[in-house]
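All remarks here apply to the structure that follows.
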Amino acid sequence: MDEWDLPQWKKEVESLKYQLAYKREMSSKTIPEFVKWIEDGIPEDPFLNP
Numbered sequence: 002m003d004e005w006d007l008p009q010w011k012k013e014v015e016s017l018k019y020q021l022a023y024k025r026e027m028s029s030k031t032i033p034e035f036v037k038w039i040e041d042g043i044p045e046d047p048f049l050n051p
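The sequence shown begins at 2 in this note's numbering and counts up by one.
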């Protein structure tokens, strides 16, 4: 990083605060749910079952 001025640092701090406050889901939970959703939709998929 080059030298930053005060407005750049303030913007960076605000961005980090936003990211910290954002609720995240654990990928170990969401990936299996996503795979199940895909598998459940295969029978109705018009591209896989013309």
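Each residue gets a CB set at the ideal place from its N, CA and C atoms; glycine is no exception.
The model shown is predicted, which means the values in this text are computed figures rather than measured ones.
Practice prompt. Please report how far the alpha carbon of Val14 lies from the alpha carbon of Asp41, in whole angstroms.
Written response: 42 Å
Worksheet item: Using DSSP with H/G/I as helix, E/B as strand and the rest coil, what is Asp41?
Response: helix
Worksheet item: How many Å lie between Ser29 and Trp38 at the Cα?
Response: 15 Å
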